[in-house]
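Residue numbering for the sequence shown is 263 to 752, as defined by the working numbering.
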Amino acid sequence: MIRRGSLLLAAAAAATAAAGLAGCDLAPPRVTPFVDVPTAYKEAAPVSQSPEGAAWTLSSPQDAAPGGEWWRVFGDPELDRLEGQVASANQDLQAAIARYDGARAEARIAKADYYPNLDASGSATRNKASRDVVLHPPKDYYSNYAAGLDLQYEVDVWGRVRNQARAGRDRAQAAAGDLATVDLGLHAELAADYFILRSDDAQQAILDRTVGDYRKALELTQARHQAGYAAEPEVAAAEAQYKLAQTQDADIALQRAQLEHAIAILIGQPPAKFSLAAAPLTATPPAIGPDLPATLLERRPDVAAAERRVAAANADIGVARAAYYPAINLTALLGAATAGTGSILTAPASTWSVGPSSLLNVFDGGRRRGQNAQAKAAYNEAVATYRQTVLDAFGQVEDNLTALRRLEEEASTQHDGVAAAQRSTGHANRLFQGGLADYYSVVTAENVELSAELTEAQIRGRRMVAGVQLVRALGGGWDARKDKRFAAGS
């Protein structure tokens, strides 16, 4: 027993000494790839007061940045209710959660090599002896019983295990960013669909009213024709105007139905069991101020995920380089072997072995060189993807900043245009009723007014969607510094 204890002590000392050698790291220094970050957004210029009384202006950093439930800045209780159902019911989000869980499991697998691998074994065999083998004492049949513990431990001299674990952790963090990206995208898609649907409700209300007015105008024109006060072409014009308005009305109803179906799917419900009552859109975008461009790199989950993949690819280079150096393992075996079950626990039956081993490949036909080249190429791809993701992020913010600004200008001029069209229609009707103009001037004026009103409703919806997309481009309420899943990565 003393010799066995000395053996274990020696094995522990050898492991400690070997672990002291584990100081090399063959991965390149970890740095975030350089990107040209502007000091301010080009399109973040304040705009004038809108006709509805709400203005969009650039806020101070962090003051108006969207929070976790960022959709609440739009102040729509129905939207808030729908958004609350996405997290628990949307199947795309559930799939993203499963991918994240899988990445965390892979990270734990990669970390397992930090620890020794210990196997317990046992065997019991019955054997027939060959006549050419001399046994002591002589026998034709004999039994073997064995039991033992087998320890295997790789001494991480070249950093292979550490870099493998780092890569796993970084990929788990990237998966956390992917999950946040999916979550943000689904909530933004729901909000955009919702506001387009409400814009369709506004257009539907305009068209329903207009169809009713055109029907009355057609009936009046037909009565005038029967009395001899209107020509046949005027009846045809009134009928064409009425039918075309019906067509537009039906088309808007189709668009609204499809959006309602899309919203149902986003919240995990069958379209047949979901409906939204009509409520014309009257809201305008709230004040949404962007953070500084540099902050965007931490607020955008897709940017953070791309940066983590660069770090993982960097660690993979260290793993590939370690293959050029000998793998050093510490092995130990402690067990017993005997020909009888009754003596397996006695001292004479004990067996042991302990010692380091090393393996160095001297020829592999260029396999390791290819693996190193592959790791470097993957790193370069990850760097390029990261830089492109950053550029796309800046571009999306700029696009939606200018969209909000220009659409507010369009809303102002369109509002004036609708008022002018309404005055023109009233003037045309008065001239027609006084016998100073034909019915075609009334039809023309009414068509211009209808088109102007529909365009105004569309612009209102586009402004709300641009507000949603700006929040999405800014990363919503996500922040790499605050997401515990991203920070821990395991």
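Built from N, CA and C at the ideal position, the CB exists for glycine as well.
- request: Along the alpha helix (DSSP H) that carries Val616, what are the first and last residues, could you check?
  value: That residue, Val616, is in no alpha helix (DSSP H); its beta strand (DSSP E) goes Ser612 to Leu621.
Residue from Glu569, Ile525, Pro532 and Ala719 whose Cα sits closest to the Cα of Ala437: Glu569
- request: Measure how close the beta-carbons of Asp440 and Ala358 come, nearest whole angstrom, since I'm counting them as under 8 angstroms.
  value: 7 angstroms
message: Val730 and Ala453 - do their beta-carbons sit closer together than 8 angstroms?
response: yes
- request: Work out the CA separation of Leu559 and Ala566 for me, nearest whole Å.
  value: 7 angstroms
- prompt: Run through DSSP, which three-state label would Thr294 get?
  reply: coil
field: For Thr717, the first and last residue of its enclosing beta strand (DSSP E)
entry: Per DSSP, Thr717 belongs to no beta strand (DSSP E); it is in the alpha helix (DSSP H), Tyr701 to Ala735.
- prompt: Using the C-alpha atoms, what's the distance from Leu446 back to Arg422?
  reply: 36 angstroms
- request: Measuring alpha carbon to alpha carbon, tell me which of Arg649, Ala714, Ile579 and Tyr701 ends up nearest Ala429.
  value: Ile579
message: Does Glu718 pass the burial test, meaning 16 or more other C-beta atoms within 10 Å, or should it be called exposed?
response: buried
- request: Give a single yes or no on whether Thr600 has its beta carbon closer than 7 angstroms to a heavy atom of the ligand ZN.
  value: Questions concerning the ligand ZN fall outside what the structure shown contains, since it holds no ligand whatsoever.
- prompt: So what's Ile590 in DSSP terms, helix, strand or just coil?
  reply: strand
- prompt: Can you list, in chain order, the residues of its chain whose CB lies under 8 angstroms from that of Glu331, leaving out five sequence neighbours each side?
  reply: Asp342, Glu345 and Gly739
message: DSSP three-state label for Lys390, please.
response: strand
message: Would Thr687 and Ala707 be called neighbours here (beta carbons separated by less than 8 angstroms)?
response: yes
query: With DSSP run on the structure shown, which of helix, strand or coil describes Thr544?
result: coil
- request: Please report the Cβ distance between Leu543 and Gly723, rounded to the nearest whole angstrom; I am assuming they are in contact, meaning their Cβ atoms lie under 8 angstroms.
  value: 6 angstroms
message: Within a Cβ cutoff of 7 angstroms, which residues of the same chain sit near Ser619, ignoring the five residues on either side of it in sequence?
response: Asn591 and Thr593
query: Would the beta-carbon of Tyr504 fall within 8 angstroms of that of Arg460?
result: no
- prompt: On the premise that Val348 lies in contact with Ile529, defined as a C-beta separation below 8 angstroms, what is that separation, rounded to the nearest angstrom?
  reply: 6 angstroms
Proximity winner among Tyr303, Ala585 and Asp402, relative to Ser211 (alpha-carbon distances): Residue 211 is absent from the structure shown; the chain starts at 263 and stops at 752.
Beta-bridge partners of Thr651, as assigned by DSSP: Bridge partners of Thr651: none, in fact.
query: Which one or two residues does DSSP pair with Gln210 in a beta bridge?
result: Limits of the chain in this structure are 263 at one end and 752 at the other, which puts residue 210 out of reach.
- prompt: Which ranges does the alpha helix (DSSP H) cover as unbroken runs of at least 4 residues, wholly within the stretch 327–380, from first to last along the chain?
  reply: 339–345, 348–351 and 353–373
field: Candidates Val497, Tyr404, Asp381 and Ser383: closest to Lys753 by CA position
entry: Lying outside 263 to 752, the shown extent of the chain, residue 753 is not represented and no answer is given.
- prompt: In this structure, does DSSP put Tyr491 in helix, strand or coil?
  reply: coil
message: Please classify Arg571 as buried or exposed, where buried requires at least 16 neighbouring CB atoms within 10 angstroms.
response: buried
query: Which one of Pro555, Asp626, Asn691 and Pro588 has the shortest CA to CA distance from Asp658?
result: The residue you asked about is not Asp; residue 658 is Gln in the sequence shown. Nearest option by C-alpha distance: Pro555.
task: Between the Cα of Leu506 and those of Gln531, Ile527 and Leu469, spot the shortest distance and give me the residue it belongs to.
output: Leu469
message: On a Cα-Cα basis, can you pick out the residue from Ser612, Asp381, Thr472 and Asp553 that is closest to Thr301?
response: Asp553
8 angstroms Cβ cutoff met for Arg583 and Leu355: no
- prompt: If you run the structure through DSSP and keep just helix, strand and coil, what is Ser461?
  reply: helix
Own chain residues within Cβ distance below 6 angstroms of Gly267, not counting five before or after: Below a pLDDT of 50, predicted positions are generally treated as unreliable, and Gly267, at 49, falls in that range; no measurement from the model is reported.
- prompt: Between which two residues does the alpha helix (DSSP H) carrying Pro563 extend?
  reply: Pro563 to Ala584
- prompt: Applying the criterion that 16 or more other CB atoms from any shown protein chain within 10 Å of the CB defines a buried residue, is Asn623 buried or exposed?
  reply: exposed
- prompt: Is Gln517 closer than 8 angstroms to Asp564 when the C-beta atoms are compared?
  reply: no
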